Each structure stands twice: as C-alpha cells, then as structure tokens.
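Read through the structure below, which is laid out as structure tokens, and then see the notes.
In our numbering, the protein residues as written are 847 to 1654.
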C-alpha cells in the first residue's frame, strides 16, 4: 500500500510526463545534469529552451555566448530600494548568477545556440525578487540567484543521507547521481532527479516559501512557460532547479499570471557580467548553490571529451588531482613531502574505496579525499593532516579566473576607476606588481592618490597594499613621512569594482556610501555610545578624502557619543585619536575641521568627570584602565597641551586614591602619576608601597605593577624604594617567592633594557658587588639595528594579517 508521499510523487511524475513540455530538473553546477542535458538537446532539437534565471539576463545571452567569454564568470545584479526611514540609508541588495563550463544553464545556452533554439531566462528580475520577500527574509549581503540551501536543509535528504551512510547531502548527491549517470537513460535520470527534489520539498511549509519569494518566482516561471506554449506546435525544454521543477507541472495547468512587473530606474538597478573565480564558486567557501571543489569537477568535465567513457575520465581526474597535490607539497617545501609512491598508493586506495562503496567505475570526490587521508597523512590529523588537507581542498577548489568580452557593458564605477588610474599615471595594462612612494606632507597630488588607494581598500577592491604607512588611528609609525604602496591590477580588481557598483557610480560615491553605512551601523554593532568608534570613522573619512562631505556630520556625532559614553577607556582613546588627527591635519587635510580642538576638550572634561568611577571597573578591565590613565597623561605632555586643564585631571586622580574600594593595580598607577607631578611626597608613596607589600600576596605586586607602569623611574631614583622591596623579598619564603615571581617579572617588564641595567647596578651596590650581570648590550652594529627594524616590521605585518593588532 502506497504512503501519502508515494501517492503524491506518483501524481507528480505523471504530471511531469504529460505537461506538454520537457522539464529538466537540475542541481546547479552538476556535471551529471549537464551531460544528460547536452545529450537530450542534441537528440531532441528543441525549438525553445527556457531557463531559470532573472528575466533581464536574456539581454546578456550574446555576451555569454561570445567566443571571448571564458568560464567561470557571473552575472551580477544590484538593486537599491526605497528608504525605509527618511534619515536612514536606502537598503542595497546584490546577487550573483555564476556559470562554469559544467553548469547546466550554460550547457543549455551553448547547445541551444548550436541548434538555433529560442533562448530565454524566465525568472523574476532581481529587484522583483527582493520586493516579493518579507523583511525578515531579506539580506543585504550579496547572495546567489541559484540558491540550493533548501536541498541542503531538507529533513528528507538529511535523513536519506544518514540512512545511506553519506556524511552530508553533497556526498549523497554524488552517490545517487554523479557515480553512475552515464549508465541510465536521460529520461530515467530526469525522473530520478525529479523524485529526489520532489521529496526534498515535501515537508516545506507554504508560509516559508511565500516569505522568501519562492512562490512568486515560480508563478513567474510558470507564466513564461504558458506564454511560450501559446506560440503553437513547438518543442519546449524547461531547465530549472529541481526544487522548482517539483511544482511547475502543476502550476502551468493553472495558467497563473505573472506577478506585476516592477521596473526600477537605471540608477537603482543594473545587471552586468563579471569575471568570476573557482575560489568564489566553491561551495566550501560559503557559496551554497553548487558543487564543492569546482576544479575537481572541471577536470572531470574536460576529461569527458578525451575518453571514450566517463569511467576513464573519472580515474584520470583522480590521478591528475593527486599528482597536483604531491607537486604542491614539494613546491612548498613541506616537512612531509609526498613522493610518486605516495601518489600511486593514494590512487590505489581511492579506487579500492570507490569499489567498496559501489562507485567502482566512478571514484567520487569523497572517495578521493578518503584516499588522501589514509595515504598522504603520516601524522596526526590535527597537525600534519590539517596542513595537508588544506592544500588538498585548495587544489580541489582551483584558482581559475574567467574572462568576459571587452565589449560587454561595464558599470560606470569601473570607467571611473580607469580614468582615475590614468589621471594618477597608474599602470593597469598588465598584472605585474608595481611600487609607489607617496610624499604625504609636500605633494598634494600624492595625498589625493593616497585617498584614492585607501578608498579602494575600504571598498575591498584587490588592487593596492600599503607596505609602510603611518597609522593615524592607533598612533603607529607616525614617524613615516612617506607612504609605501604596492599595486597590481588583476581580473578580480574590476570584478570587485562591479560588486561595489551597488554603492555608487564613482569610487567617491561608493566610498561615501560605505562610510555612511559604517556610521549607521555604529549603533547596531553594540557600540552605540562608543566615542572612540565614532572618532575612528572620522579618521577613516579623512584618509579617503571625505572631510568636506561628512566632516561636520561626524563632528556632531562624536560630540553626542562623548556625552553619552560611560566608558573612561573609550573616551580617553577618543581624545587621544583626536589629538593624533589634529597633529596630522596636514597630510590628512583635516585643517578645515575646526571643531576638533573643541571636541578634544569636551572629551577630556568628560573623561575627567567619570574617571573616579574606574574603581568600580571589573577586574578584567583593570589593566585597560591603567593604560587609559597613561593615555591621559600623554595628552598633558603633548604638543596640544594648551587644550587641556591639567588640574581637573589630577584632582580626579586624588578622588581615586581616596576611594576605599580602589583596586591595588589602579592605586599604584595613580600614586605614580601624582608623585611624578609632586602632588604627593616620596615618603607618602613609600609608605603606601610598604603597606601593600605587607600583605605578601598578589595584590601587593599588583600595586607595584601599576606604580612601575606610570613611574618606573622610581626604581633607580629612589634608593629607599629598592631597599624596601629587597627587605620584603628576603622575608618571603621560597614558596611565596615562587608564587609571586610571575607577577614580579610582569611588574618590572615596563622597564627598558637600559633601565633594567641601572636597577641591577643599584642592587649590586646595595650588596657591595661590582655587577650582577648585564641585561642590555649597547655594542650593536648598524646591520644589527637594521635587522631588528626589519624583524619588527615583519612581526607587525604578520599580526595585522592575523587580526592580532591589539597585541602591538
């Protein structure tokens, strides 16, 4: 007796066969689907081929089929919707429609063109898709128009994968469809894929499909099919994702109307071609609409035309990949390099695993990966295995970049980029790396070029990298008078520019939109009242040359954030950043921002007002508070000291030490600051130090650590300080000493090597010794110093690449 799903499946397959058109359900980027699709088009000679895809992509078909087009490439489409609120930025949406040589959609176009079939895309345009989605299903990050997440998240398919012993739905698909696709007829293949997708969709609720616009899209596709059927006796092929095929035969019987057309202005929407890469296409990198490891399937697709059967093509593909992985391990000079014998063993293991799993004639991607794991990994999977597997996955993904015709239309932002490169005399005629040195202080044109390059980096355009540049936001490398850049044009440069076209028609417009987006997102990122984050945006705006456009707006924003920010550390950082900005106003062209001095003073007063509350900070923030106190002291000795009233700061510090709940670390730092200015006597400081040392625990060293952070000179200018410390050290037991030694080492780590030498000599004098050894070696050659500078530079660059700049 048939179950309910089986009955519904039987009805569906019947409707599929009797619909009057040939439906071909596909998984996007599946070689098996493409192979059968190519066979059926060559055999049946269809009059019209209708393909899932935004309707306006039809206009790009001549460019897609151009002899100069080389996959992978993508159609990129954007839409700027109406503002939701008057003060808000307009929502921006973007999407991709990727093609590779084994994409069924591209096969349909290429083979359909050869037989003279009418070719047409039949989905809603991208702007129409957006307006048919509810707010909770919209997402402003670029997405794929070939999304197959429904298949990946299907309860049925995941249960089936588990029952079949597959690790995920990718392996399940390979097992059911890629492993033996040539052994069955195209009609049987279509029925199998259709049944697979129908059951995958079976448990999805209609509300979900309404909410994300799926039903509206399917109504549009069905209406296009019905319209084509009205043209009379002709053979029609419909190529859509299997998830949609599961309902289209029923829909065309109902003859639905297409949802109302929506045509935004050219300024608000565009559809263009761009180069694409296998790296972007790889589903393992987050692209959820296709097969993982595109290079693997590309190799197989190319080998299909070189062998009499897919069996030879599959085995040759596995061989090529294994040889490529072995070569990469040798080129990278890894510790565990792979030999030819390793490659032969891995191929044999792959073929044995494939045979054991019923894939004897077609070793799948997972068979290959398991063969690699068992023969290439000679240590632990979490060590050597992880390194090797990364190389394997990168090899399987590939690095191919496509080409598009030179006469294909490009967005205005690409033309603006080219004209700017011409104006700044940047060579973009080849992909050879080139160097630039920009004088930020004396050359206005160099400053303009710097803003242009910083703007491109803000947009995420892969073009230029600053190899040596002052960091005005964090106060690093400010001694540099020149910026050093390395730039290199690649196909991805213009592809990324096309992606950025959703933000504007020129580089300046796009950069302005991105900065405004950062301003709007400031509150949504959980930093609603962070004055320092607001100042960082102002510095960024100056770096990219937007001072005139939004400088006043940002100054007003910073003023509001300072008034609302309750974090002493945040406000201290904000004032310090403003000081750096004002000091660097010439290279950053910030002289026009006359509000900066007033903002500095406002922030300073606010920081002093909330300073006494640092005694209530959580323990995890104690050291941050000490560093912020040092930041405030630096303000009072900077070239901008005239902006600040030092008395207000030191009065607030006295409130801190009078607090009975003041933590020892903060107390030590405050006593050091007050002693430096003569506000407390040395005797008072020594008594306080002795009182803390009496406790003989971690807190006693915490006080010492705070003190040496703000007044480390006390270690060699006050002989009684070292005598006092020495007396208590001698009284500690060995166990107490070992317990407190790490904290003691940390406390003295604030001293420079030369200062440590001075302290060591003072201690030696206390014990009538000539020396207790040297900790600083001053006989360094010029080569040693240059080597040290180079090591420091490489270390900083490494930390920046790894996102560990907070360690600097």
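For every residue, glycine included, the Cβ atom is placed at its ideal position computed from N, Cα and C. Nothing here was measured: the structure is a model prediction, and the numbers come from that model.
With three or more beta-carbon pairs closer than 8 Å as the criterion, would you say the stretch 1509 to 1516 touches the stretch 1581 to 1591?
no
Just verifying my parser: in three-state terms, what is the DSSP assignment at residue 967?
The residue given as residue 967 occupies position 121 in the chain shown. In the structure shown, residue 967 sits in a strand (DSSP, three-state: E or B).
Relative to the C-alpha of residue 1084, which residue among 1272, 1492, 904 and 872 is closest?
The residue labelled residue 1084 in the question sits at position 238 within the chain shown. When only C-alpha atoms are compared, the closest one is 872.
Going by Cα to Cα distance, which pick from 1415, 1384, 1395 and 1391 is closest to residue 1405?
Position 559 of the chain shown, counting from 1, holds the residue named residue 1405. When each option's Cα is compared against that of residue 1405, the closest is 1384.
DSSP-derived helix/strand/coil call for residue 1335
Counted from its first residue, the chain shown places residue 1335 at position 489. Coil at residue 1335, not helix or strand.
Around the C-beta of residue 1538, are 16 or more other C-beta atoms found within 10 angstroms, so that it is buried, or is it exposed?
Locating residue 1538 in the chain shown gives position 692, where the first residue counts as 1. Buried, by the Cβ-count rule.
In three-state terms, what does DSSP make of residue 1210?
The count along the chain shown starts at 1 and reaches residue 1210 at position 364. DSSP places residue 1210 in coil when its eight states are reduced to three.
Would you list, in sequence order, the uninterrupted beta strand (DSSP E) runs of no fewer than 3 residues that lie entirely inside the stretch 982 to 1059?
none
Report the rounded CA-to-CA distance for residue 925 versus residue 967, giving the unit in angstroms.
In the chain shown, counting from the first residue as 1, residue 925 sits at position 79. In the chain shown, counting from the first residue as 1, residue 967 sits at position 121. Spanning the two alpha carbons is a distance of roughly 19 Å.
Residue nearest to residue 1217 in terms of C-alpha spacing, selected from 1400, 1203 and 1195
Locating residue 1217 in the chain shown gives position 371, where the first residue counts as 1. For the residues 1400, 1203 and 1195, the minimum Cα distance to residue 1217 belongs to 1195.
Hey, residue 991 and residue 956: beta-carbon distance below 8 Å or not?
Locating residue 991 in the chain shown gives position 145, where the first residue counts as 1. Locating residue 956 in the chain shown gives position 110, where the first residue counts as 1. Not in contact: residue 991 and residue 956 (Cβ atoms no closer than 8 Å).
Quick check: the Cα distance between residue 944 and residue 952, rounded to an integer number of angstroms?
By 1-based counting over the chain shown, the position of residue 944 is 98. By 1-based counting over the chain shown, the position of residue 952 is 106. C-alpha separation (whole angstroms): 10 Å.
When the Cα atoms are used, what is the spatial distance from residue 1691 to residue 1390?
The question about residue 1691 has no answer here: the residues shown for the chain are numbered 847 through 1654.
Could you tell me whether the Cβ atoms of residue 1144 and residue 946 are closer together than 8 Å?
Here residue 1144 refers to the residue found at position 298 of the chain shown. Here residue 946 refers to the residue found at position 100 of the chain shown. Yes, Cβ-Cβ distance for residue 1144 and residue 946 is below 8 Å.
Between residue 1015 and residue 1025, is the Cβ-Cβ spacing less than 8 Å?
To locate residue 1015, count along the chain shown from 1; it is residue 169. To locate residue 1025, count along the chain shown from 1; it is residue 179. The answer is no: Cβ separation not under 8 Å.
Assess, as a yes-or-no matter, whether the stretch 1329 to 1349 is touched by the stretch 1252 to 1262 under the definition of 3 or more beta carbon pairs within less than 8 Å.
yes
Out of curiosity, what's the CA-to-CA distance linking residue 1611 and residue 1599?
Start at 1 with the first residue of the chain shown, and residue 1611 comes out as number 765. Start at 1 with the first residue of the chain shown, and residue 1599 comes out as number 753. Computed Cα separation, rounded: 19 Å.
Less than 8 Å between the beta carbons of residue 1076 and residue 893, yes or no?
Numbered from 1 along the chain shown, position 230 holds the residue referred to as residue 1076. Numbered from 1 along the chain shown, position 47 holds the residue referred to as residue 893. Not a contact, by the Cβ cut-off of 8 Å.
Only counting the same chain, and skipping five residues up and downstream in sequence, which positions put a Cβ closer than 7 Å to that of residue 1299?
Here the question's residue 1299 lines up with position 453 in the chain shown. For residue 1299, where only same-chain residues beyond five positions count, the Cβ hits under 7 Å are 1310 and 1331.
Below 8 Å on the Cβ atoms is my guess for residue 1499 versus residue 1520; work out the distance and round it to an integer in Å.
Locating residue 1499 in the chain shown gives position 653, where the first residue counts as 1. Locating residue 1520 in the chain shown gives position 674, where the first residue counts as 1. Under the criterion of beta carbons closer than 8 Å, residue 1499 and residue 1520 qualify as touching, at roughly 6 Å.
Determine whether the beta carbon atoms of residue 862 and residue 1102 lie at a separation below 8 Å.
Residue mapping note: residue 862 aligns to position 16 of the chain shown, counting from 1. Residue mapping note: residue 1102 aligns to position 256 of the chain shown, counting from 1. No, the Cβ-Cβ distance between residue 862 and residue 1102 is not below 8 Å.
On a CA-only basis, which of 1172, 868 and 1275 is nearest residue 1336? Give me that one, please.
Against the chain shown, residue 1336 aligns to sequence position 490. Nearest C-alpha to residue 1336: 1275.
Compare the Cα-Cα distances from residue 1340 to each of 1204, 1596, 1262 and 1154 and report the closest residue.
On the chain shown, position 494 is the one that residue 1340 refers to. Here the closest residue by C-alpha is 1262.
Run the CB neighbour count on residue 922, radius 10 Å, all protein chains shown included, and call it buried at 16 or more, exposed below.
Position 76 of the chain shown, counted from the start, is the residue given in the question as residue 922. Counting Cβ neighbours within 10 Å, residue 922 comes out buried, since at least 16 surround it.
Three-state secondary structure (DSSP) at residue 1432?
If you number the chain shown from 1, residue 1432 lands on position 586. Three-state result, residue 1432: coil.
Neighbourhood of residue 857 by C-beta distance below 7 Å, restricted to the same chain and skipping five residues each side
The residue labelled residue 857 in the question sits at position 11 within the chain shown. Excluding residues within five positions, none has a Cβ falling inside 7 Å.
Can you tell which of 1078, 1414 and 1286 has its C-alpha closest to the C-alpha of residue 866?
Mapped onto the chain shown, residue 866 falls at position 20. Comparing Cα positions, the closest option is 1078.
Residue 1322, DSSP secondary structure in three states:
Walking along the chain shown from the start, residue 1322 turns up at place 476. It is a strand residue.
Could you give the distance in angstroms between the alpha-carbon of residue 1122 and the alpha-carbon of residue 880?
Residue 1122 sits at position 276 when you count from the first residue of the chain shown. Residue 880 sits at position 34 when you count from the first residue of the chain shown. C-alpha separation (whole angstroms): 20 Å.
Extract the residue ranges of the beta strand (DSSP E) inside the stretch 1277 to 1308, only unbroken runs of 3 or more that lie entirely within it.
1280 to 1285
Which whole runs of the beta strand (DSSP E) in the stretch 1504 to 1588 are 3 residues long or more, in chain order?
Runs of the beta strand (DSSP E) inside the stretch 1504 to 1588: none found.
Straight-line Cα distance separating residue 949 from residue 1117
Position 271 of the chain shown, counted from the first residue, corresponds to residue 1117. Position 103 of the chain shown, counted from the first residue, corresponds to residue 949. So the alpha carbons of these two residues sit roughly 20 Å apart.
Kindly give me the distance between the Cβ atoms of residue 1380 and residue 1403, rounded to whole angstroms, as I take these residues to be in contact under 8 Å.
As a working mapping, residue 1380 is identified with position 534 in the chain shown. As a working mapping, residue 1403 is identified with position 557 in the chain shown. Cβ-Cβ separation between residue 1380 and residue 1403: approximately 5 Å, consistent with a contact (criterion under 8 Å).
Please report the distance separating the alpha-carbon of residue 1640 from that of residue 1326.
One-based indexing of the chain shown puts residue 1640 at position 794. One-based indexing of the chain shown puts residue 1326 at position 480. When rounded, the distance between both Cα atoms is 16 Å.
Determine the burial state of residue 1632: buried for a count of at least 16 other Cβ atoms within 10 Å of its Cβ, exposed for fewer.
On the chain shown, position 786 is the one that residue 1632 refers to. Exposed.
Does DSSP put residue 874 in a helix, in a strand, or in coil?
On the chain shown, position 28 is the one that residue 874 refers to. Judged by DSSP in its simplified three-state form, residue 874 adopts coil rather than helix or strand.
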